């Protein structure tokens, strides 16, 4: 039963191995929706143990990346998939397959990718307008970004009324869900009549197009109109802009037009009235002159009222005042520590962020031991120049100081400054390395390389590059790497001193001196390692090479089955104890005493090996049979020489049988079942063929053991028969 249980256990274990080797994958979501130029992350969990490779497929794979593409795991692993459609990706649904392969099978997780239309723009429709020839008709186009991202839109017009239309701006930037009103001014020509149309079209930088159409109904009448070249203007601060406001008398009589301005104080009208003959056109200049530091968008309106018709028109304007005189001064640090008696240089960047070329004066406010390399400079728009601020405190200085670098234009219209706080430190505060050996003495045999850890700590306040040195009598067989180490304040690092004494290095004591210093300075710290070189270690145990276990052949097992010592179970041992009773032992002891008596009686004479008497053919045949059986047992139990006496041989045969039976009692029963649960899963897979062979071998051995017991019983019965036949001549001799 035990061997059947072992076979069942092994077969079930192999079945469970195949189950364990299976794996499964699952993604966090089966579909994603995203905009072009955005990224969506999908996580996929691979549950199982083994080595896996990952690849992607589908229409969305060209803009999808999965990491890692290959890995090994004992339980589970997460695969990260990044989906980023380009900006020109058309809206729609795309497929994505994440394939995971373990070398035997492939599993996939399918994801539906929905690319949205995230760049929509909507232009609200406007109502048609009726006007007289020569009038200006304004249309308010409400443009709204209904997409999900900020976009810039270029505006244009088309249609029969397009030549009449002037837009307040030809470009607009809108954030998501932001809307803005763009004005379209249609100046109706004097000769225009009837219904005319123009279409306002917006086109984003990504190609999204939207449009809206407006109608202009022109009636015949006498009137006038006003207008400007464009309603939106941009100027620099500290500059002047002229915006002509044009008035056209489209009537049949002379007319006077009065102007009124509403806007910032730096915007004025050149004059407030204008007289025109029929069909005459005139203009009034709007003068805009913002001062320094004036920036932003300003709304200006010019109201025109004619004297005869009392009709008023408002001309809106938008002026963007730009800060074209902008200066930026920045020092590379806001605060820093400087060591006394050591010079340190800081970069001061001066950038002309404006749109005008200008000259600047530079001033430094600070202690006498600070200086700048330049006092003035000239910069074109966008040009940057770096000044050198040198700080060189005396050795006895140890306080904090504030430094100011002021840069201003020659007309002092604008300026900027940079600030730096300097704290002067002593030499001891600045540089304070600490060198430590974990052990100051080491014993190293020849031909036995070793390493000694060495810790370097920067207890100073400055980031320092320390130079390491190695000297001493041990320098010929020691190395220290790296030779330089950079440490931040209050940080430490460990390096290793490598010792490799060869046979050429004499036995004895050596010293390795390790030093640390800064470039062009004295040694700041040192440590000495005492090294004892001893004789090389002999007979060092080497890691034995892996030997393949040679499986016992079938013929070897058969020979062991026929001639080997059988193994006895605990049940068989009890049976032997019942067979070998005390009476058998006493009888055996009596026979041994008789043999001893016989040996004592025969000592004076030559030992008689056998009686040379005439034998019958039957006796000869029996003798030959007995000799063959004796040869068989001597080959099995390793008996001594064949020339011993018949009496002594009988006793020894009994002793051999008894020892064999008693030996079974002392033989431990080895029943060990390998714990397959603790075996490494990968090793089982790798040696699955060997395991199957071992299972077959176990079956053969188990069957052999079963029949081996029957053979053992058979030979035991024969030995008992031989012992009974041998006892008869002994008793006859004893009687003699």
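Residue numbers (this note's numbering): 78 to 813.
Using N, Cα and C, we set each Cβ at its ideal position, and we do this for glycine too.
Just so you know, these numbers come straight off a predicted model, no measurement behind them.
Excluding the five sequence neighbours on either side, which residues of its own chain have a C-beta within less than 6 Å of the C-beta of residue i, listed in chain order?
i: residue 427; result: 406, 462, 484
i: residue 117; result: 109, 111, 160
i: residue 465; result: 422, 450
i: residue 382; result: 335, 389
i: residue 448; result: 467
i: residue 223; result: 197, 199
Mark residue i as exposed unless 16 or more other C-beta atoms lie within 10 angstroms of its C-beta, in which case mark it buried.
i: residue 452; result: exposed
i: residue 228; result: buried
i: residue 450; result: exposed
i: residue 345; result: exposed
i: residue 839; result: Because the chain in this structure spans residues 78 to 813, residue 839 falls outside the shown range and cannot be described.
i: residue 767; result: exposed
i: residue 352; result: exposed
i: residue 121; result: buried
i: residue 216; result: buried
i: residue 747; result: Low confidence applies here, because residue 747 scores a pLDDT of 36, under 50, leaving its location unreliable; read the following figure in that light. When all chains shown are included, residue 747 counts as exposed.
i: residue 33; result: No answer is possible for residue 33: the residues shown for the chain start at 78 and end at 813.
i: residue 295; result: buried
i: residue 163; result: exposed
i: residue 173; result: buried
i: residue 480; result: buried
i: residue 589; result: buried
i: residue 230; result: buried
i: residue 398; result: buried
i: residue 237; result: exposed
i: residue 606; result: buried
Looking at the unbroken beta strand (DSSP E) that takes in residue i, where does it start and where does it end?
i: residue 206; result: 206-208
i: residue 274; result: 271-281
i: residue 388; result: Segment: none, residue 388 is in no beta strand (DSSP E) and carries neither H nor E.
i: residue 585; result: 585-594
i: residue 286; result: 286-295
i: residue 853; result: The requested residue 853 does not occur in the structure, where the chain is confined to residues 78 to 813.
i: residue 473; result: From DSSP, residue 473 is part of no beta strand (DSSP E); its letter is neither H nor E.
i: residue 180; result: Taken as a continuous stretch (DSSP letters only), residue 180 belongs to no beta strand (DSSP E), as it is neither H nor E.
i: residue 203; result: Segment: none, residue 203 is in no beta strand (DSSP E) and carries neither H nor E.
i: residue 459; result: Segment: none, residue 459 is in no beta strand (DSSP E) and carries neither H nor E.
i: residue 555; result: 555-558
i: residue 416; result: 412-416
i: residue 564; result: 561-564
i: residue 351; result: 350-353
i: residue 599; result: Segment: none, residue 599 is in no beta strand (DSSP E) and carries neither H nor E.
Beta-carbon within less than 7 Å of residue i's beta-carbon, same chain only, minus the 5 sequence neighbours each way: which residues are those?
i: residue 493; result: 404, 405, 406, 484
i: residue 516; result: 529
i: residue 148; result: 129, 154
i: residue 315; result: 368, 369, 402, 490
i: residue 119; result: 104, 105, 106, 109, 158, 160, 188
i: residue 211; result: 265, 267, 300, 301, 302, 325, 327
Could you give the DSSP three-state label for residue i: helix, strand or coil?
i: residue 582; result: coil
i: residue 767; result: helix
i: residue 31; result: A query on residue 31 cannot be resolved here, the shown segment of the chain reaching from 78 to 813 and no further.
i: residue 442; result: strand
i: residue 780; result: helix
i: residue 371; result: coil
i: residue 238; result: coil
i: residue 365; result: strand
i: residue 381; result: strand
i: residue 259; result: strand
i: residue 550; result: coil
i: residue 772; result: helix
i: residue 315; result: coil
i: residue 246; result: coil
i: residue 403; result: coil
i: residue 321; result: strand
i: residue 743; result: Because residue 743 carries a pLDDT of 40, less than 50, the predicted location of this residue cannot be relied on, and the following value inherits that uncertainty. Residue 743: helix per DSSP, three-state reduction.
i: residue 831; result: Since the first and last residues shown for the chain are 78 and 813, residue 831 lies out of range.
i: residue 229; result: strand
i: residue 489; result: coil
i: residue 394; result: strand
i: residue 196; result: coil
Excluding sequence positions up to five away, which residues of its chain have a Cβ less than 8 Å from the Cβ of residue i?
i: residue 593; result: 510, 512, 533, 543, 544, 545, 546, 600, 601, 602, 603
i: residue 503; result: 416, 417, 475
Those runs of the beta strand (DSSP E) which lie wholly inside the stretch 491-538 and span at least 3 residues: 492-502, 510-514, 518-522, 527-535
Complete beta strand (DSSP E) runs within the stretch 92-160 (minimum length 3 residues, chain order): 101-104, 108-111, 117-124, 127-134, 141-144, 147-150, 153-160
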